[in-house]
Amino acid sequence: MKAYDIVGYVLHECDVFCTDCANHGYPIFAGSEWDVAPACDECGDVLDVAVITEGSSTPPTMMCQGGGAG
Ligand SMILES: [Zn+2]
271 MKAYDIVGYV LHECDVFCTD CANHGYPIFA GSEWDVAPAC DECGDVLDVA VITEGSSTPP
331 TMMCQGGGAG
């Protein structure tokens, strides 16, 4: 897995999909850093991204978690 491999896409700024369930949208790269590994909204697959658990100074701009029905 290369850091620039696309492992999924973000649609509507909030919804995360794996590459099996979407083929367009804002690309999520394997090397992108997340506080929590995003899971595909469609099939539930957890995307293989870089999860950072500490030292994060600036959260990603597309954090939409924490509300709504799951
Ligand atoms: Zn999926």
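In the numbering used here, the protein residues as written are 271 to 340.
Each residue gets a CB set at the ideal place from its N, CA and C atoms; glycine is no exception.
Quick one: is the Cβ of residue i within less than 7 Å of any heavy atom of ligand 1?
i	result
Asp305	no
Cys288	yes
Cys284	no
Asp315	yes
Glu312	yes
Look at the Cβ atom of residue i, then the Cβ atom of residue j, and state whether they are nearer than 8 Å.
i	j	result
Cys284	Cys310	no
Val316	Gly295	no
Phe299	Asp318	no
What three-state label does DSSP hand residue i in the structure shown?
i	result
Gly301	coil
Asp285	strand
For chain C, check one thing: does any of its Cβ atoms lie closer than 8 Å to the Cβ of residue i?
i	result
Met271	The structure shown has no chain C; it contains just one protein chain.
Which same chain residues, not among the five before or five after residue i, have their C-beta less than 7 Å away from its C-beta?
i	result
Pro297	Ile276 and Tyr279
Asp290	Cys313
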